[in-house]
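Sequential numbering of the sequence shown, starting at 8, is according to this note's numbering. Every residue, glycine too, gets a C-beta built ideally from N, C-alpha and C. On a predicted model such as this, the values are computed, not experimentally measured, just so you know.
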Amino acid sequence: AMIEAKKAGLVVLAHCEDKQLVGKGALNAGPVAKKLGVCGIGNDVEDVITARDILLSKSTGCPLHLCHCSTEDSVKMVRAAKADGVKVSAEVCPHHFTLTQDDILSDDANYKMNPPLRSKADKEALIEGLCENVMEAISTDHAPYHADEKARGIADAPFGIVGSETAYCLSMTELVHSGRMSKIDLVRHMSTQPARIIGIDKGSLAEGKMADITIVNPDEAYQIDASKFVSKGKNTPFD
8 AMIEAKKAGL VVLAHCEDKQ LVGKGALNAG PVAKKLGVCG IGNDVEDVIT ARDILLSKST
68 GCPLHLCHCS TEDSVKMVRA AKADGVKVSA EVCPHHFTLT QDDILSDDAN YKMNPPLRSK
128 ADKEALIEGL CENVMEAIST DHAPYHADEK ARGIADAPFG IVGSETAYCL SMTELVHSGR
188 MSKIDLVRHM STQPARIIGI DKGSLAEGKM ADITIVNPDE AYQIDASKFV SKGKNTPFD
């Protein structure tokens, strides 16, 4: 696939998950999964495919973009691959740099996403990777579901949360207001660099470009209320 993608001038976007390792996993492998009696998803589920795809990108020369990275070792491998000249980029979702497995206090499937919420060490590594521009994009992994589907509990509910309506405010709170990232770097991570990665002519306010603009108030404080979402999906752990 990478050989053909390179011929066509395309980038391969990869969801890194070893299907043979993940099994019936629902939460990060650790104390919370054990407490709730659900199967765990180890970091290796993501890491072995991250390593595989980086090596395939290196051997084929095909650009690779790693979607919704969640582990410390993914950041390490992307950093090393870039230093080695591999054409690789990567993204992180706001829920993975805002929450950890320790925030899951009950059998609430609004905390079930794929990849799962990881450890504090993973979260810190993801933030460092973003602030060092090792991880070049912030994505939403927007996955809306009906309330009935999420009411099945963590073991049986589908993976995914609403991401589009909370991405900016969470990123401002966790990265900019914490002093870790500048406002302009956040804009780059959410528009300019994603556009460059997938090769579309957006993410710029230059003359003649499409006026594809989001207007925000970076100083307004508000409480996230899922009932006010424009999306039909209300499945969020941030309500």
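Ignoring anything shorter than 3 residues or poking outside the region 94-151, list the beta strand (DSSP E) runs there in chain order.
95-99
Cutting at 8 angstroms between CB atoms, please list the residues of its own chain near aspartate 110, excluding the five before and the five after it.
Tyr118, Leu124 and Pro244
Is there contact between the region 189-199 and the region 151-160, where contact requires at least three CB pairs shorter than 8 angstroms?
no
According to DSSP, which residues form a beta bridge with valine 19?
Leu71
Would you please state the rounded distance, in angstroms, between the beta carbons of alanine 33 and isoleucine 161? I believe it to be under 8 angstroms.
5 angstroms
Using a Cβ-Cβ cutoff of less than 6 angstroms, which residues in the same chain neighbour alanine 97 once the five nearest sequence positions on both sides are dropped?
Leu73, Cys76, Val85 and Met142
Residue range of the unbroken alpha helix (DSSP H) whose run includes lysine 14
9-14
What is the residue span of the alpha helix (DSSP H) that leucine 177 lies within?
174-178
Throw me the rounded Cβ distance for the isoleucine 56 and cysteine 23 pair, which I believe falls under 8 angstroms.
4 angstroms
Pairing CB atoms from the region 131-138 with CB atoms from the region 200-220, are three or more of them under 8 angstroms?
no
Which two residues bound the contiguous alpha helix (DSSP H) that contains lysine 83?
79-90
Let me check one thing: in DSSP terms, what residues is isoleucine 205 bridge-paired to?
Looking at the DSSP assignment, isoleucine 205 forms no beta bridge with any residue, so it has no partner.
Mark threonine 221 as exposed unless 16 or more other C-beta atoms lie within 10 angstroms of its C-beta, in which case mark it buried.
exposed
Would the beta-carbon of alanine 233 fall within 8 angstroms of that of aspartate 246?
yes
Can you tell me the Cβ-Cβ gap for cysteine 100 and serine 146, rounded? I've got them flagged as a contact below 8 angstroms.
6 angstroms
For histidine 184, is the classification buried or exposed, using 16 other Cβ atoms within 10 angstroms of its Cβ as the cut-off for buried?
exposed
Where the alpha helix (DSSP H) through glutamate 214 begins and ends
Here glutamate 214 belongs to no alpha helix (DSSP H), and DSSP marks it neither H nor E.
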